[in-house]
Each structure stands twice: as structure tokens, then as C-alpha cells.
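Novice: Sharing a structure below in C-alpha cells format, with a few things to ask.
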Amino acid sequence: FKLTFCVVIFYSGFICLSAFFCQLFVEFSHNVIIELLRKQSTQKTSSNNFPSLKKVIEYLNENFATNISTKTMTELTNYSYSRFRHIFKHALGVSPKQYILSKRIEHAKNLLSTTTMPITEIAFSCGFTNSSMFTKQFIKSTSLTPSGYRKQFSSTKFFSDKQTKYNKQGDTYETRSNN
3 FKLTFCVVIF YSGFICLSAF FCQLFVEFSH NVIIELLRKQ STQKTSSNNF
53 PSLKKVIEYL NENFATNIST KTMTELTNYS YSRFRHIFKH ALGVSPKQYI
103 LSKRIEHAKN LLSTTTMPIT EIAFSCGFTN SSMFTKQFIK STSLTPSGYR
153 KQFSSTKFFS DKQTKYNKQG DTYETRSNN
């Protein structure tokens, strides 16, 4: 079909394009059409056109460390899950699940670099159900283990001067000086 679509036959009967150039033309035109459709759909599905999507994003930013159900997200928008997921992905470029995961990882990176909180506690405070899943997702996202990230991005002075304990929300409940 591609070859017959693209091969141009002049009235005199000569084939003007070879199969190679035909393939290039088809791929180029296909890419142009996809890009035009992508731009058109992005303009139609920006988050400004869906105020309920803003509510969901605010909710996810505040509650990423909790177990957020699909039902909760769709109730905030009054869309079916498939429609909601489609709108969310077009507006933000990632699925709701990926968005929540990235928020959790960013929060974990912050805790790892600024606290002495144990890695298992960080995992739970960021919404992971166990430390092995946290470690797996953290490595996938950063290419470093949580302890490796802490060593690379934390201040050594901070760790030698203070011992800090945290509750599940990451709030300080005890700070001691080592001096």
C-alpha cells in the first residue's frame, strides 16, 4: 500500500520515484502528520481547559505519600478513568501513576539529602509499602541506591553534628547534637 500510494506515475508511463525515495517520503509525511496532530491535541487538552484536572494535581501534590485510589482521582474530575488518564497524560506528559511515583521519589531525594532519617522510614513516609519496592523504584529513577544517593548528595557536616528523628510525615520530633 505504501509503495503504490507514493509512487507517482506520470501520464507518459514513467515511474518517477524509486522505492527508496518512496519510503523516505512516506516516513517524512507520516512524521509531519503525527506532529501536527500532536500539536493540535496539546492545544485542546491543556490543563487550563480542565479545571477539575487542577484539583486532582493539587490533591496529588498534597497526598502523594498516601494510597491514592483510581476512584478518588476520577471522582475529583467526574470523568471515567480512561478519559481522565488520557487528559492527564496529554496535559502533563505522564500517567497519574508515574506522576505520583515521581513526587514520591523527589520527596525521598529531599529527605535523603537533608536528614538522617533511616531509609526504611523514608520509604514509608513517601508512600511506599516496603523498602525493597522503594529501593527498586529509586534505582530505576536515579541510577543510585538510596544510601548511595545520600552519600553523594548530603552534607557530611549535617550528619556529624546532629541526630534527628522523624515521624511518618517527615516532621522532626527529636533533634540531638552529637557534641
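Residue numbers for the sequence shown follow this note's numbering, so the first one is 3 and each next one is one higher.
We put the beta carbon where it would ideally sit given N, CA and C, even for glycine.
Keep in mind it's a predicted model, so treat the numbers as computed, not measured.
Taking Ser127 as the reference, which of Leu78, Gly95, Arg106 has the closest Cα?
Specialist: By 1-based counting over the sequence shown, the position of residue 127 is 125. Ranking Leu78, Gly95, Arg106 by Cα distance to Ser127 puts Arg106 first.
Novice: Is Thr122 closer than 8 angstroms to Ser133 when the C-beta atoms are compared?
Specialist: Taking the sequence shown and counting its residues from 1, the one referred to as residue 133 is at position 131. Taking the sequence shown and counting its residues from 1, the one referred to as residue 122 is at position 120. Contact: yes.
Novice: Exposed or buried, Tyr83, counting other C-beta atoms within 10 Å across all chains shown (16 or more means buried)?
Specialist: Position 81 of the sequence shown holds residue 83. Exposed.
Novice: Can you tell me whether Lys111 is buried or exposed, with buried defined as 16 or more other CB within 10 angstroms of its CB?
Specialist: Looking up residue 111 in the sequence shown gives position 109. The residue is buried, with at least 16 neighbouring Cβ atoms inside 10 Å.
Novice: For Arg152, I'd like the list of residues in its chain whose CB is within less than 6 angstroms of its CB, leaving aside the five on either flank, ordered along the chain.
Specialist: Locating residue 152 in the sequence shown gives position 150, where the first residue counts as 1. Only Leu114 meet the Cβ criterion.
Novice: In terms of residue numbering, what span does the alpha helix (DSSP H) encompassing Thr137 cover?
Specialist: Taking the first residue of the sequence shown as 1, we reach residue 137 at position 135. Note, Thr137: alpha helix (DSSP H), 133-144.
Novice: So which of Gln100, Leu94, Glu108, Asn69 has the shortest CA-CA distance to Thr144?
Specialist: Here residue 144 corresponds to residue number 142 of the sequence shown, with the count starting at 1. The candidate whose alpha carbon is nearest that of Thr144 is Glu108.
Novice: Note down the Cα distance separating Tyr81 from Gln100, rounded to an integer number of angstroms.
Specialist: Against the sequence shown, residue 81 aligns to sequence position 79. Against the sequence shown, residue 100 aligns to sequence position 98. Taking the straight line joining both Cα atoms gives about 19 angstroms.
Novice: List the whole-angstrom C-beta distance separating Ser54 from Thr79, where the pair is believed to meet the contact cut-off of C-beta under 8 angstroms.
Specialist: Taking the sequence shown and counting its residues from 1, the one referred to as residue 54 is at position 52. Taking the sequence shown and counting its residues from 1, the one referred to as residue 79 is at position 77. Yes, they are in contact, since the Cβ atoms of Ser54 and Thr79 sit about 4 angstroms apart, within 8 angstroms.
Novice: Quick check: Gly150 and Phe66, are their CB atoms within less than 8 angstroms of each other?
Specialist: On the sequence shown, position 148 is the one that residue 150 refers to. On the sequence shown, position 64 is the one that residue 66 refers to. For Gly150 and Phe66, no; Cβs fall outside 8 angstroms.
Novice: Compare the C-alpha of Thr76 against each of Asn69, Phe86, Pro148, Ile70 and name the closest.
Specialist: Counting from one through the sequence shown, the residue named residue 76 turns up at place 74. Here the closest residue by C-alpha is Phe86.
Novice: Is Met119 helix, strand or coil by DSSP?
Specialist: Indexing the sequence shown from 1 puts residue 119 at position 117. The answer is coil: DSSP assigns Met119 none of H, G, I, E or B.
Novice: What distance in whole Å lies between the Cβ atoms of Ile89 and Phe136, which are believed to be in contact at a cut-off of 8 angstroms?
Specialist: Within the sequence shown, residue 136 is the residue found at index 134, counting from 1. Within the sequence shown, residue 89 is the residue found at index 87, counting from 1. 29 angstroms between Cβ atoms; not a contact.
Novice: Starting from the Cα of Met119, find the closest Cα among Asn69, Ser156, Lys142 and give me that residue.
Specialist: Within the sequence shown, residue 119 is the residue found at index 117, counting from 1. Ranking Asn69, Ser156, Lys142 by Cα distance to Met119 puts Ser156 first.
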